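**Q** Under this note's numbering, the first residue of the sequence shown carries the number 895, and numbering increases by one thereafter.
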Amino acid sequence: MSPVHFPVRVVTVVLLAALGGGCASLKPQRSELATRVGHSDLSVAALRIQVRDLARRFSGLLEAMADDVAARSGSPQVAGAMLRFKANAVPAVQSSLFQPDPVSALIDTWALLAQLRDALPHYAENPSPEVVSRADETLADLESQVEDVWREVTGSEDVSSARARVHAWAAEHPLTGPLVTRESTTSLLSSVTDVSGGGLRSTAAGLAEDTRDLTARVDLYATSLPRQARWQAELVATDALRAPTVQAALAELGRTVDLLDRVGAVAANTPALIERERRAALDALNAERLRLQEFVTGERQAVLADVGRERQAVVDALHAERVATLQQLDGLARGWVDHAFDRLEPLVERVLLWLTLLGVGGLLGGLLLTRALRRAR
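1) Taking contact to mean at least 3 C-beta pairs separated by less than 8 Å, is the region 1024 to 1033 in contact with the region 1053 to 1062?
2) Could you give the first and the last residue of the continuous alpha helix (DSSP H) run that contains residue 1206?
3) Is it buried or exposed for residue 1189, if we count other Cβ within 10 angstroms and need 16 for buried?
4) Is the distance from the Cβ of residue 1041 to the Cβ of residue 1053 below 9 Å?
5) Just the C-alpha distance for residue 962 and residue 1166, rounded to the nearest angstrom, thanks.
6) Among 1230, 1028, 1056 and 1258, whose alpha-carbon lies nearest the alpha-carbon of residue 958?
7) State the DSSP-derived secondary structure class of residue 993, mapped to helix, strand or coil.
8) Using the beta-carbon count (16 or more within 10 Å), is residue 1171 buried or exposed?
9) Kindly list the residues whose CB is nearer than 6 Å to the CB of residue 967, restricted to its own chain and excluding five residues on each side of it in sequence; keep chain order.
10) Just reading off the alpha helix (DSSP H) that residue 856 is part of, what are its end residues?
11) Tell me whether residue 1098 sits in a helix, a strand or coil according to DSSP, three-state version.
12) At what residues does the alpha helix (DSSP H) containing residue 1041 begin and finish?
13) Give the range of the alpha helix (DSSP H) segment to which residue 954 is assigned.
14) Should residue 1257 be labelled buried (16 or more other beta-carbon atoms within 10 Å of its own) or exposed?
15) Rounded to whole angstroms, what is the Cα-Cα separation between residue 1207 and residue 1199?
16) Pull up the distance between the alpha-carbon of residue 960 and that of residue 980, whole angstroms please.
17) Given that a residue counts as buried once 16 or more other Cβ atoms are within 10 Å of its Cβ, and exposed if not, what is residue 1236?
18) What's the gap between the Cα of residue 1225 and the Cα of residue 1246?
19) Whose C-beta lies closer than 6 Å to the C-beta of residue 1086 among residues of the same chain, with five residues either side of it excluded?
20) For residue 1068, which residues of its own chain have a beta-carbon under 8 Å away from its beta-carbon, when the five flanking residues on both sides are left out?
21) Return the Cβ separation of residue 996 and residue 942 in integer angstroms, given the expectation that the two are a contact with Cβ distance under 8 Å.
22) Less than 9 Å separating the beta-carbons of residue 986 and residue 1082?
23) Could you tell me if residue 1218 is buried or exposed, where buried requires 16 or more neighbouring beta carbons within 10 angstroms of its beta carbon?
24) Nearest-angstrom Cα distance between residue 1148 and residue 1138?
25) Roughly how far, in whole angstroms, is the beta-carbon of residue 956 from the beta-carbon of residue 1039, given that I think they are within contact range, below 8 Å?
26) Helix, strand or coil for residue 915? Go by DSSP, reduced to three states.
27) Indicate whether residue 946 and residue 992 have their beta-carbon atoms separated by less than 9 Å.
28) Apply the 10 Å Cβ neighbour rule to residue 988 and answer buried if 16 or more other Cβ atoms are within range, or exposed otherwise.
29) Pick helix, strand or coil for residue 1069, following the three-state DSSP scheme.
30) Which term fits residue 938, buried or exposed, when burial requires 16 or more other beta carbons within 10 angstroms of its beta carbon?
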């Protein structure tokens, strides 16, 4: 045992002992309500035990119902509404069922359940019919358990009149705010007990709380208060998040997160983006190279075609010049030949004449020489 918890336990034991002694010294009493309700053999002590047990079970069932509705709805608004519902409903039910007078506790809880059934559809905005139906079924089941205990209290199986009065009172006094501000059920208690009539037969128990009531309440609070504190903390956090400044900050944070997500997506896609840009640049460069190659090829072919045409033109011009030159030279040659022959003709004639004369002279000289020789012999 830790040294911190030991004094607390000692003080708790002393308080319980003092309370137990005080309760034991009280004279068993009967409330006016207990003497006016029912024809049952159920004692007040037994009734108190049943009512206290309802406090334990109802707290868990209401919490489970709120959690189930929040989980099935899938809506943050409905989940927040159910958190607010159980944070208010569970303490209210416990407070109702732990009233010193168990009959008063039973009627007050019955009226509270009827009010909760009427107010449940308004806790969240646009809840689905299926969700509302499941929650109403749970509250109806809790109400039926209260009716079962009321049957034992009154000794009558017909509780329709009491049910009608409870629901009529709940309709006239709807829940419009926190459950701690709900109206008292004193008038309802008087009305319901007038309908039931008779008196409770109690033999060995009074209406004052005893040690068992305190123990049951402490045990229930020990398990319930931490959860209620957590719910209240969640409600405070939810209300704080709904503040305009916080909403603006969250919206700005959401935009920042979206921007960071986009930046992250861009950063994650940077290698692929660079690869696409590189491929696009290479494709563009290759296309430019092909277009340049086609342009150079076209220009080269055009230049070669022009050069071929120019070469052919030069060849044709040279051929024409050569032909013209040859024709001119042929004409000149013919002229020169004709001129030469024209000038040689007299010369030839003279040469032939001289040769003829020379031949004749030689012939004559030979004849003369021959004659002379002959004469000389």
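Built from N, CA and C at the ideal position, the CB exists for glycine as well.
Just so it is clear, the structure is predicted and the values come from calculations on it, not from any experiment.
**A** According to the data block:
1) no
2) 1164 to 1270
3) exposed
4) yes
5) 46 Å
6) 1028
7) coil
8) exposed
9) 1025
10) The question about residue 856 has no answer, for the chain in this structure spans 895 to 1271.
11) With a pLDDT of 32 at residue 1098, under the threshold of 50, the modelled position of that residue is not reliable, and the figure given next carries that caveat. DSSP places residue 1098 in coil when its eight states are reduced to three.
12) 1023 to 1048
13) 938 to 967
14) exposed
15) 12 Å
16) 6 Å
17) exposed
18) 30 Å
19) 1001, 1056 and 1059
20) 1009, 1012 and 1013
21) 4 Å
22) no
23) exposed
24) 15 Å
25) With a Cβ gap of about 12 Å, residue 956 and residue 1039 do not count as contacting.
26) With a pLDDT of 44 at residue 915, under the threshold of 50, the predicted position of this residue should be treated as unreliable, and no value is reported.
27) yes
28) buried
29) coil
30) buried
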